Amino acid sequence: MIEGIFIEGCIYGIMALGVFITFRVLDFPDLTVDGTFPLGAAIMAAFLTHGLNLWLALFIASIGGFLAGMLTAVMHNELKIPNLLAGILTMILLYSVNLRILGTSNVSLLNVNTILSNTYDFLKLHFGFSREISYMLLFILVIMIIKLLLDLFFRTDLGLTLGALGNNEQMIKCQGVNPKIIKIIGVGLSNSLVAISGAFAAQYQNFADIGLGQGIIIAGLASVMIGEFLIKSNKIFWLTLNVILGSIIFNGVMYGARILIFNIPFLKASDLKFVQVLLVVACLAVTRIQAFLQKKRRKSQ
Amino acid sequence: MIKLENLSIIFNEGTPDENRALKNINLQIREGDFITIIGSNGAGKSTLFNLIAGTYTPTSGRIFINNKNVTRVPEYRRARFIGRIFQNPLMGTAGNMSLEDNLMMACKKGFKWPVISLNSTMRSLFRQELVQLEMNLENRLKDNVALFSGGQRQALTLLMMVLSSPSLVLLDEHTAALDPKNAQLVLELTTMFIEKYKLTTVMITHNMAQAIQYGNRLLMMDNGEIIFDVSGRGKEQLTIEKLVEKFHEIRKKEFATDEVLLSE
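Order-wise, the sequence lines are chains A and B.
For the first sequence, the tail end lands on 309 under the numbering used here, and the numbers increase by one without skipping.
For the second sequence, the tail end lands on 491 under the numbering used here, and the numbers increase by one without skipping.
Laid out in structure tokens, this is it:
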């Protein structure tokens with residue numbers, strides 16, 4: 009159980025990091041995410057079922073995500089479509105693209121080798137690890153590499169500019185930087201992370217489904233918001249760590265909802281979404297109350 | 228160095244709200260000039276800055292910077308030669324980022340590559356530069372800029388602008404939003420930097436005394452036109468009374484309302 013929450017937290021954590029880049033760093037609310045998550049899954053599934061290289065699949069999935077994000081940013085930049093609408097348009101467009109890539113609405117990945125099953129086979133052979141432990145080790149490694157690369161990126165000149173854009177677009181222009189290009193890079197990067205997350209999710213669940221990304225943006229946003237109340241800092245190292253921890257907590261809450269559904273007699277399985285949303289709202293309410301109390305304490309001092 | 232030729236801009240052209248904000252402006256700014264611009268609200272001062280900086284494209288006319296026609300060059304590209312400071316002290320810096328990150332971005336104008344340039348050499352350079360502000364900011368490199376006061380942020384914007392060594396500095400009432408003490412401080416820093424780095428500067432102000440005291444040339448704007456241009460000895464002998472008189476002479480209209488706006 010704990011392992012499951014942790015593994016899912018890490019997989020969705022990659023997506024939450026992408027959402028963090030658009031919503032928090034760039035201040036560009038981007039709903040493309042709902043389309044790029046299944047896009048990553050679909051590309052991965054296509055590669056897996058054709059027996060092609062797995063790491064190449066992951067790379068292509070991230071490129072696909074980047075292009076989708078780019079499309080949203082270009083629509084916003086050049087046609088002046090509001091960013092929310094631009095994201096929705098790309099998301100809808102991707103539905104058809106994903107169906108094309110998948111061929112059908114659901115592709116099973118049970119009988120193919122995935123990055124996960126390969127890791128498990130390898131670790132079982134050499135160290136005798138169980139499936140859960142193997143997956144956990146793999147995802148700790150994956151998310152740490154992604155997190156540290158992101159941290160490094162945000163310390164570069166380009167990364168700093170990305171951060172400043174969400175804060176003060178006029179300043180970016182005054183520094184001689186074209187904000188349009190920065191938006192394309194930022195939204196693209198965000199969506200390539202989301203696609204990678206989708207590619208891993210498909211391998212973990214052993215299937216790729218056209219409906220995989222439905223409402224995924226909520227998971228990402230909730231993870232980011234829960235994370236913001238964990239460690240207070242303006243350092244990018246802690247900010248990204250918060251997002252990952254937030255994602256793990258969020259998945260714990262989702263797991264809790266499933267337990268509630270099964271244990272409370274008058275609840276039906278179809279009530280799951282309802283309970284999940286209630287729990288997320290409760291979670292965010294707790295964080296708000298916490299912030300309020302802190303403010304009050306500071307005032308009284 | 229900077230040349231404006233027959234520059235005009237019309238907002239909402241062809242509608243009842245048509246507004247000729249600037250009418251046939253011709254202006255030459257020489258290297259090393261420090262020009263002050265005064266004029267009442269709606270005279271076209273800020274519009275002129277927006278045209279020079281590239282925020283707006285003129286309806287007609289041409290703009291040259293260093294003999295290059297930049298009339299159609301986008302704002303971010305022109306920003307490589309132009310350092311602009313706004314009235315709002317929050318406009319020039321990114322509040323959610325640290326002081327050193329802000330300075331790092333200002334150091335190099337143009338596209339930013341994914342390389343890490345912020346190192347100990349840069350930090351010690353930043354400290355040296357920050358000492359000039361005399362605000363003890365050199366010990367707060369890691370602090371978020373949002374924690375600083377308006378005066379500190381505007382002084383920082385000024386330093387960031389200087390670090391990028393621009394060919395032209397545009398100051399759009401950059402002390403107007405500060406309290407009198409900080410306004411004086413920022414103004415002193417401004418003149419110090421202008422003298423030290425021989426910056427070509429244009430400064431908009433609502434304060435006639437300031438416009439007379441600073442710079443080597445004064446422009447008075449009204450209703451989209453430059454109505455008075457004085458430099459050298461003529462400017463040195465200028466007083467507020469003479470300036471008001473001049474305005475009457477040129478415009479021959481009631482000055483009462485403008486007198487309120489052009490406060491001392």
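We treat Cβ as the ideally placed atom computed from N, Cα and C, and that holds for glycine.
Computed from a prediction, not measured in an experiment: that's the story for all the values here.
Does DSSP classify residue i as helix, strand or coil?
i: Glu481 of chain B; result: The predicted position of Glu481 of chain B is uncertain, since its pLDDT is 49 and thus under 50; a value taken from the coordinates is nonetheless stated next. Looking at Glu481 of chain B - three-state DSSP - the assignment turns out to be coil, as it is neither helix nor strand.
i: Phe14 of chain A; result: helix
i: Met447 of chain B; result: strand
i: Gln213 of chain A; result: helix
i: Ala248 of chain B; result: strand
i: Glu327 of chain B; result: helix
i: Ser113 of chain A; result: coil
i: Ile297 of chain A; result: helix
i: Ile192 of chain A; result: helix
i: Met233 of chain A; result: helix
i: Glu491 of chain B; result: For Glu491 of chain B, the predicted structure reports a pLDDT of 48, less than 50, and the residue's modelled location is therefore unreliable. A value from the coordinates is still provided. Coil.
i: Gly269 of chain B; result: coil
i: Gln255 of chain B; result: strand
i: Asp42 of chain A; result: helix
Just to confirm, is the Cβ distance from residue i to residue j under 8 Å?
i: Leu326 of chain B; j: Leu364 of chain B; result: yes
i: Phe215 of chain A; j: Ser142 of chain A; result: no
i: Pro243 of chain B; j: Gly310 of chain B; result: no
i: Val105 of chain A; j: Leu47 of chain A; result: yes
i: Asn91 of chain A; j: Pro37 of chain A; result: yes
i: Thr513 of chain B; j: Glu240 of chain B; result: The structure shown does not extend to residue 513 of chain B, since chain B is modelled only from 228 through 491, so no value can be given for it.
i: Phe45 of chain A; j: Ile189 of chain A; result: no
i: Val429 of chain B; j: Ile256 of chain B; result: yes
i: Ala76 of chain A; j: Gly43 of chain A; result: yes
i: Ile262 of chain B; j: Gly459 of chain B; result: no
i: Ile218 of chain A; j: Ser138 of chain A; result: no
i: Ala206 of chain A; j: Ala49 of chain A; result: Per the sequence shown, the amino acid found at residue 206 of chain A is Gly instead of Ala. In contact: Gly206 of chain A and Ala49 of chain A (Cβ atoms closer than 8 Å).
i: Leu397 of chain B; j: Phe276 of chain B; result: yes
i: Lys191 of chain A; j: Ala81 of chain A; result: yes
i: Ile265 of chain B; j: Ile279 of chain B; result: no
i: Ala54 of chain A; j: Ala210 of chain A; result: no
i: Gly259 of chain B; j: Thr417 of chain B; result: no
i: Leu231 of chain B; j: Asn246 of chain B; result: no
i: Leu368 of chain B; j: Phe375 of chain B; result: no
i: Lys272 of chain B; j: Met447 of chain B; result: no
Using the beta-carbon of each residue, which ones in chain B are nearer than 9 Å to residue i?
i: Gln302 of chain A; result: Under the 9 Å cutoff, chain B gives no residues; its nearest Cβ is about 17 Å from Gln302 of chain A.
i: Val232 of chain A; result: Under the 9 Å cutoff, chain B gives no residues; its nearest Cβ is about 15 Å from Val232 of chain A.
i: Leu166 of chain A; result: Phe338, Lys339, Trp340, Pro341 and Val342
i: Phe161 of chain A; result: Pro341
i: Asn199 of chain A; result: By Cβ distance, chain B contributes nothing, its closest Cβ being about 18 Å from Asn199 of chain A, past 9 Å.
State buried or exposed for residue i, treating a residue as buried only when at least 16 other CB atoms are found within 10 Å of its CB.
i: Glu491 of chain B; result: Note that Glu491 of chain B scores 48 on pLDDT, short of 50, meaning its location in the model is unreliable and no value can be drawn from it.
i: Gln379 of chain B; result: buried
i: Gln298 of chain A; result: exposed
i: Ser267 of chain B; result: buried
i: Leu87 of chain A; result: exposed
i: Gln381 of chain B; result: buried
i: Glu481 of chain B; result: Summary for Glu481 of chain B: the model assigns pLDDT 49, below 50, so the residue's position carries little reliability; its value from the coordinates is reported in the next sentence. With fewer than 16 Cβ atoms within 10 Å of its Cβ, Glu481 of chain B is classed as exposed.
i: Gly9 of chain A; result: Per the sequence shown, residue 9 of chain A should be read as Met rather than Gly. The residue in question, Met9 of chain A, is exposed, as its Cβ has fewer than 16 Cβ neighbours within 10 Å.
i: Gln440 of chain B; result: exposed
i: Ile453 of chain B; result: buried
i: Arg305 of chain B; result: buried
i: Met152 of chain A; result: exposed
i: Ala436 of chain B; result: exposed
i: Leu56 of chain A; result: buried
i: Glu422 of chain B; result: exposed
i: Gly17 of chain A; result: buried
Residues of chain A with CB closer than 8 Å to the CB of residue i, please, in chain order.
i: Lys295 of chain B; result: Residues of chain A passing the Cβ test: none, with the nearest at roughly 15 Å.
i: Thr320 of chain B; result: Asn176 and Met179
i: Met331 of chain B; result: Asp165 and Leu168
Cβ closer than 7 Å: which chain A residues qualify as neighbours of residue i?
i: Tyr283 of chain B; result: Chain A residues near Tyr283 of chain B: none, gap ~13 Å exceeds 7 Å.
i: Arg307 of chain B; result: Gly184
i: Glu302 of chain B; result: Lys181
i: Leu311 of chain B; result: Sequence inspection shows Arg at residue 311 of chain B; the Leu mentioned does not correspond to that position. Within 7 Å Cβ-Cβ: Cys182.
i: Asn371 of chain B; result: Asn242
What does residue i reach in chain A if we use C-beta pairs closer than 9 Å?
i: Asn251 of chain B; result: Under the 9 Å cutoff, chain A gives no residues; its nearest Cβ is about 28 Å from Asn251 of chain B.
Given that residue i touches chain B, what residues does it touch there, using C-beta distances under 8 Å?
i: Gly171 of chain A; result: Ala321, Asn323, Met324 and Asp328
i: Asn250 of chain A; result: Within chain B, no residue comes near Asn250 of chain A; the closest Cβ sits about 15 Å away, beyond 8 Å.
What whole-angstrom Cβ distance do residue i and residue j have, given they're in contact under 8 Å?
i: Ile239 of chain A; j: Leu249 of chain A; result: 7 Å
i: Thr295 of chain A; j: Ile234 of chain A; result: 6 Å
i: Gly254 of chain A; j: Val232 of chain A; result: 6 Å
i: Ile22 of chain A; j: Ile204 of chain A; result: 6 Å
i: Ala230 of chain A; j: Val288 of chain A; result: 5 Å
i: Leu124 of chain A; j: Leu145 of chain A; result: Going by Cβ atoms, the distance from Leu124 of chain A to Leu145 of chain A rounds to 11 Å, so no, they are not a contact pair.
Using 7 Å as the cut-off, classify the Cβ of residue i as near or not near the heavy atoms of the ligand ZN, replying yes or no.
i: Ile71 of chain A; result: Of ligands this structure carries none, so the ligand ZN is not represented either.
query: Listed from N- to C-terminal order along the chain, which residues in the stretch 333-356 of chain B have their beta-carbon within a distance smaller than 8 Å of any beta-carbon of chain C?
result: The structure shown contains no chain C; its protein chains are A and B.
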